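Step one of this worksheet: look at the structure below.
4 protein chains.
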Amino acid sequence: MQADYKRVTKLLKTARGQLGGILRMVEEDKYCVDISHQILACDAVLRRANREILQAHLESCVQGAFHSGSKEETDAKIQELVELIGKLSK
Amino acid sequence: MQADYKRVTKLLKTARGQLGGILRMVEEDKYCVDISHQILACDAVLRRANREILQAHLESCVQGAFHSGSKEETDAKIQELVELIGKLSK
Amino acid sequence: MQADYKRVTKLLKTARGQLGGILRMVEEDKYCVDISHQILACDAVLRRANREILQAHLESCVQGAFHSGSKEETDAKIQELVELIGKLSK
Amino acid sequence: MQADYKRVTKLLKTARGQLGGILRMVEEDKYCVDISHQILACDAVLRRANREILQAHLESCVQGAFHSGSKEETDAKIQELVELIGKLSK
């Protein structure tokens, strides 16, 4: 996941910064609707980080396992994807 | 996808039945909130059908390609999953 | 919901048409990934119909209750929204 | 939002703690699938915080505006909800 490491880290740090801002908004009793929009924005950044991680995972770990891995290893990768897609498509 | 064909078909027929009911509710000018709950219920059935299809896809098509397919074929499967996960994790 | 009735009906009929197409794809044993993309497209139409219904609901029923309704009526509207938002933000 | 202030703050702090852990996992080059599950868990906490904020908003700010506010104020509240529901039901 080398290539995407920096981008994912940057997204996660952005989300952490947003979350700090959201906590301050709650402490300072800011308007709920504004807080809600900020949470949705932070949520979108997290989801983008997740998307990048999963896409990098497919293109490196999964693809690697399929080209060189044993049947057990590829089957395990498939089961992990089954579980992840189960969560993502809820 | 043989094994799951019946279950997916059943889920999709359930969703189609729900959608017919929803259309009648709109025509009969039923209460919007009740219509909304029915749409969310139909949506949940569709998502479950999608989950079943993707899980069957992983366990048959993708797994099959990895055990017997060419590099081009497995790379194509990976790219399809990258695209799908991009949509699912939005 | 008069103004939006036609648009919602049209969206729901579009979704029903898509669902019929998806059922045929499953019967004809089309490629799972193509079926999945169609389900996601149908899902997006359903969600748009739901969005339109809820927005019309807010601008007619809820707004109406607030301008002319009793405290019981407005409280009931609020509770319905609390429940709906609970489902939508899952 | 007094009553729910503590619960929302607690949820947001939980999410911030999870996010710190996720950043460490990325730095330590942990397995992508495990990172993805942690992001989804953090995402679920954020969504719950959002749900709590919106429900408190409905039961305090919106309900308050409707019982004592001017037409302009209640109309503004409605428009905010229309916009929020537009985002939530995407």
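Protein chains in written order, with the numbering used here: chain A, 1 to 90; chain B, 101 to 190; chain C, 201 to 290; chain D, 301 to 390.
All C-beta atoms in this analysis are idealised placements derived from N, C-alpha and C, irrespective of residue type, glycine included.
None of these values were measured; they are calculated from a predicted model.
- DSSP places Gly269 of chain C in the coil class of the three-state scheme, outside both helix and strand.
- Its chain contains Gln118, Gly121, Ile122 and Met125 as the residues whose beta carbon lies nearer than 8 Å to that of Gln138 of chain B, once the 5 sequence neighbours on both sides are disregarded; these appear in chain order.
- Among the CB atoms of chain A, none fall inside 7 Å of the CB of His367 of chain D.
- Scanning chain B for C-beta atoms nearer than 8 Å to the C-beta of Gly86 of chain A yields Arg151 and Gln155, reported in chain order.
- C-alpha of Arg351 of chain D to C-alpha of Gln55 of chain A: approximately 29 Å in a straight line.
- Rounded to the nearest whole angstrom, the CA to CA distance from Glu283 of chain C to His167 of chain B is 48 Å.
- Secondary structure in the segment 23 to 58 of chain A: the alpha helix (DSSP H) runs of 4 residues or longer, each lying completely within the stretch, are 32 to 57 in chain order.
- By the 16-neighbour rule on beta-carbons within 10 angstroms, Lys177 of chain B is buried.
- What Ala215 of chain C touches in chain B, judged by beta-carbon distance under 8 Å, is Leu119, going in chain order.
- Selection C:Gly264, C:Lys271 and C:Ile285 evaluated against Gly364 of chain D yields C:Lys271 as nearest (Cα-Cα).
- The contact set of Arg348 of chain D on chain A, defined by CB atoms closer than 9 Å, is empty, because the minimum CB distance reaches about 10 Å.
- The C-beta of Ile239 of chain C comes no closer than 7 Å to any C-beta of chain D.
- The alpha-carbon of Leu111 of chain B is positioned some 33 Å away from that of Val45 of chain A.
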